[in-house]
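Just so you know, the protein sequences line up as chains A and B, in that order.
Going by the working numbering, the first residue of the first sequence is number 1, and it counts up by one from there.
Going by the working numbering, the first residue of the second sequence is number 1, and it counts up by one from there.
No residue lacks a Cβ here, since even glycine has one placed at the ideal position from N, Cα and C.
There are 2 protein chains.
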Amino acid sequence: MTLRLDDTHDAALRSWVASANAPDCDFPIQNLPFGVFKRRGAADAPRVGIAIGDRILDVYACHRAGLFAGQAADAEAAEAAAACDRPSLNDLAALGRGPRTALRRQAGALLKEGDDRIRSQADWERRLMPAMKDAEMSLPAVIGDYTDFYASVYHATNVGRLFRPDQPLLPNYKYLPIGYHGRASSIVASGTPIRRPCGQAKADDAARPSFGPSKVLDYEVEAGFLVGPGNALGEPIAIGEAEDHLFGICLVNDWSARDLQKWEYQPLGPFLAKSFATSVSPWVVTMEALEPFRVPAFPRPDGDPAPLPHLDQSGIAGRAGLNATFELHLLTPRMRESGNAPFRLSRANCRDLYWTPGQLLAHHASNGCNLRPGDLLGSGTLSGPAKENEGCLLELTLGGKEPIALPGGESRRFLGDGDEVILKAYCEAPGFARIGLGECRGTILPAHPLAGAGGIGPGNPSAGDSPREA
Amino acid sequence: MTLRLDDTHDAALRSWVASANAPDCDFPIQNLPFGVFKRRGAADAPRVGIAIGDRILDVYACHRAGLFAGQAADAEAAEAAAACDRPSLNDLAALGRGPRTALRRQAGALLKEGDDRIRSQADWERRLMPAMKDAEMSLPAVIGDYTDFYASVYHATNVGRLFRPDQPLLPNYKYLPIGYHGRASSIVASGTPIRRPCGQAKADDAARPSFGPSKVLDYEVEAGFLVGPGNALGEPIAIGEAEDHLFGICLVNDWSARDLQKWEYQPLGPFLAKSFATSVSPWVVTMEALEPFRVPAFPRPDGDPAPLPHLDQSGIAGRAGLNATFELHLLTPRMRESGNAPFRLSRANCRDLYWTPGQLLAHHASNGCNLRPGDLLGSGTLSGPAKENEGCLLELTLGGKEPIALPGGESRRFLGDGDEVILKAYCEAPGFARIGLGECRGTILPAHPLAGAGGIGPGNPSAGDSPREA
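The following block contains the structure:
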């Protein structure tokens, strides 16, 4: 199957915004992701913008200035631009592919090298295109429901092996995308500090559990898929239509307290071990921008079952997967003081997910569950076949048994107070411009003072603080 | 510890609304629950009302008519009345106990036998107090997050015994309230038809799973606790303050497809087996109205651990529990055609929950997870020590092995298409007026036609359709 490429994917396209043309820029004119921004210190409400280089296109301000309305034929673009006068992407997401594509096309035309319509407007730098450094970003959407999957067979196998060496994967794994509901209220924007949670945990050698700050705090590198148009309750989404219900992708850090998780998670799954915080990146890269990076779905090894019909994507077999590289960087307080750069702990690719974004979405709705615009589907920890592809400390340190050496002589088994965790992602393919997802950051704060606990060091668990599945 | 009783709990109180004084009325003047109503066929937006007998007090309309403002001293009641001009209880819930209590006290004064302030208003029956039969009820709140617990030790033991005869309860059960996140989008108002979900299931004797309509559809009788004022992310709620964060209780039917659940639920818990629908009753009975029915927490048997400090309610030991009876009635199509009344399948009491409402809430926030006004906490299936106390068919039929005989010669292992499930609940205690929670209803529709399946009969699973935990 061919990709849905058009002239917006032309690698030769350049913007008159010079920073967008730098080869390592996440936001070239081929990307144009959506996010929710607010001018720092200004009284205006947050609204939807488009990232271009180091600036933000204020879509609604451009719309009011007649920069979209001037293109008389394009009612869809105008409709989408009007939906950008909101503090979330939800209304834009609800409009679906047509209006979104029309808006991105017109925004691209405005930003293209040689176009001077924006620059001919008075005070355009402040009014229409604030600098990113002068803006605050919020959560991109009001996330009604957050679902977390377990789509990396490498992650599931690595974690399963810690507990069931003979049967790392359970029998259902290759038949359906395992998932569970996450907590929506505690999803926070990138940059929000993350307070170390307290909770019950029980050391393997203890007679009883005790309550206190988590000693085994971890991150999880995930791809986040934001839902576009939803479905009515009771009306499944056919697998062939699943892609039309996806808006785009972002970065997700599914913070996890492994000691709490180990004690609480049977029989109904993770709960307080995850619900204290989930971080999400500000910019959502649209499915259209990702089109050049669509690749075949994960090649199922011989002997693996074919997907059942409601998950069968053979109609788009050549492009059901996604080639996007996710990196995890760590910056400890000591590294920060020494002026060291964050240290990369892992790098993995979405193409290694056993289940595709479309399969996750179609499975989710297959029982009639209604998805709503702006709902978030997390891939689950994104790991790959090699050690350097492992997307959480639980895997990288084998449950804390093998600490990771950091520059400057430090090591980590799990996260310490003051540690900053930075996710990045980008797409690269020969013949196409590189596009990026930006960053998702979070720094660990000490546990709540009422817990009566001091700071926690670099997470050196006792034998009893061994890890837990997921 | 003493209960917080006042003159609003006086059993001798009567209303001038005659229907409220009937001995079996759910909504006497001692109750005054909140719900969201709309006059049938009228153009007005839904808003918050108070149930009294067979009528609804339109709180905001009374407020505009000066019926609360006239009571000059009571700014709190006026604030709460103003928050009733909304299509959900959320803003009222956020205000907390003070304004809610003040409003209920004034509403009670308006409705008390002898008071004629309402009846002296022009057109009061239509404007200020529509009949319930002329109103449509919506979901009581915008439920941001729905959490489902597993607080009945009888349910957990009965279900666990089906799988682990030697160890029905897992070691964590008596140390912390087991819970998991539910799906918020698919929570529906009482009366909404419930479409039988499709999904993957695998018979024990099958080599592979298959996709189709659930054959093992069940209900779960639950108490729902609606959150009042929330907490900030990262700031736990102390157990001693937990009751101040509860708004009131309602009925919840946590519909469950046991065959889907059995196949999907390891290792991360229930997902599509539950997310197709959850029904909630329209009226929320406040914690204040429940005060006469507060009882000691579940008496932990000798040998059970004492709750850890963050769950220790010994400060309110005499009233941490709740005496409320929940009933489940079934009406099959044949019973309906024959003019038979719904048949009661079970009856259980909240006082038999191992964990109290306050413990569920404090545990939920103990890791810093932020609860928001209007969030819903489900108790989990409410079962008791006797066979007739079992709150789902999974328990009542021992996983489908022992069908239940119904009047008219029918039987059920699980739910058939057209079956209507009706939950009711009420509180009774010597010396106090009986109060009720009303009803929560739902009728099973056949599976989605795209699933290519005809109707499903009364759920007679094969040996392979054996049940699953939770």
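Relative to the C-alpha of S190/B, which residue among L415/B, C392/B, L95/B and I422/B is closest?
I422/B
Terminal residues of the continuous beta strand (DSSP E) containing A472/A?
Here chain A covers residues 1 to 470 and nothing more, so residue 472/A does not appear.
Can you give me the start and stop residues for the beta strand (DSSP E) that N231/B sits inside?
First-last for N231/B: undefined, no H or E at that position.
Check distances from the C-beta atoms of the stretch 170 to 187 of chain B to those of chain A and list, in chain order, the residues that come in under 7 angstroms.
Per Cβ criterion, the list reads L170, N172, Y175, L176, I178, G179, Y180, H181, G182, R183, A184, S185 and S186.
So which of P449/B, G321/B and C350/B has the shortest CA-CA distance to A223/B?
It is C350/B whose Cα lies nearest to the Cα of A223/B.
At a CB-CB cut-off below 7 angstroms, which residues of chain A make contact with W263/B?
Proximity of chain A to W263/B at the Cβ level (cut-off 7 angstroms) is accounted for by N172, in chain order.
Name, going along the chain, the residues of the stretch 336 to 366 of chain A whose beta-carbon falls closer than 7 angstroms to a beta-carbon of chain B.
S366
Hey, does S279/A have any beta-carbon neighbour from chain B nearer than 9 angstroms?
no
With a threshold of 9 angstroms between beta-carbons, can G160/B be considered close to chain A, or not?
Output row for G160/B: interface = yes.
Could you say if the stretch 98 to 105 of chain B and the stretch 375 to 393 of chain B meet the contact criterion of at least three C-beta pairs nearer than 8 angstroms?
no
Where does G438/B sit, in a helix, a strand or coil, going by DSSP?
strand
Answer yes or no: does any C-beta atom of chain B fall closer than 9 angstroms to that of A223/A?
no
Measure from the C-beta of S383/A to each C-beta in chain B and report whether the shortest distance is under 9 angstroms.
no
Is the shortest distance between the beta-carbon of L485/A and the beta-carbons of chain B less than 9 angstroms?
Not covered by the structure: residue 485/A. The range shown for chain A is 1 to 470.
Pull up the CB-CB distance for I444/B and I194/B, whole angstroms please, since I reckon it's below 8 angstroms.
6 angstroms
Give me the Cβ distance between G408/A and N340/A, rounded to the nearest whole Å; I'm assuming they're in contact under 8 angstroms.
6 angstroms
So, helix, strand or coil for A156/A, using DSSP?
Helix.
Can you tell me whether G303/A is buried or exposed? The criterion is at least 16 other CB atoms within 10 Å of its CB, across all chains shown.
exposed
Does C474/B come out as helix, strand or coil in the three-state DSSP assignment?
The structure shown does not extend to residue 474/B, since chain B is modelled only from 1 through 470, so no value can be given for it.
Mind checking if P197/B is an interface residue toward chain A, Cβ cutoff 9 angstroms exclusive?
yes
For the stretch 135 to 148 of chain B, enumerate the residues whose C-beta is nearer than 7 angstroms to any C-beta of chain A, in chain order.
G144 and D145
Tell me whether the stretch 24 to 42 of chain B and the stretch 274 to 293 of chain B touch, counting them as touching only if at least three CB pairs, one residue from each stretch, are closer than 8 angstroms.
yes
Could you check if A184/B is buried or exposed, using at least 16 other CB atoms within 10 Å of its CB as the buried criterion?
buried
Measuring alpha carbon to alpha carbon, tell me which of A81/A, G66/A and A156/A ends up nearest E390/A.
A156/A
Nearest to M137/B by CA position, among D91/B, G228/B, D58/B and L406/B, is which residue?
Among D91/B, G228/B, D58/B and L406/B, the Cα nearest to that of M137/B is on D58/B.
By the DSSP assignment, the beta strand (DSSP E) with N172/A in it spans what residues?
Premise fails: N172/A is in no beta strand (DSSP E) and is neither H nor E.
In chain B, which residues lie less than 7 angstroms from H310/A when you measure between Cβ atoms?
F211
Just mark A81/B as buried or exposed, buried being the case when its beta carbon has 16 or more other beta carbons within 10 Å.
Around the beta carbon of A81/B, 16 or more other beta carbons sit within 10 angstroms, so the residue counts as buried.
Quick one, which residues of the stretch 228 to 251 of chain A are near chain B if we go by CB-CB under 9 angstroms, in chain order?
G230, L233, G234, E235, P236 and A238
Near P46/B, which residues of its chain fall below 6 angstroms by C-beta distance, leaving aside the five closest residues on each side in sequence?
V36, K38, P87 and S138
Specify the secondary structure class of K215/B as computed by DSSP and reduced to three states.
coil
Do L226/B and D375/B have their C-beta atoms closer together than 9 angstroms?
yes
Return yes when the Cβ of G315/A is within less than 9 angstroms of the Cβ of R471/A, no when it is not.
Because chain A here runs from 1 to 470, residue 471/A falls outside it and cannot be looked at.
By DSSP, does E428/A sit in helix, in strand, or in coil?
coil
Quick check on the DSSP output: the beta strand (DSSP E) that includes R336/B runs from which residue to which?
Here R336/B belongs to no beta strand (DSSP E); instead the alpha helix (DSSP H) covers P333 to E337.
Take L5/A and list the residues in its own chain whose beta-carbon comes closer than 8 angstroms to its own, dropping the five residues that flank it on each side.
E291 and P292
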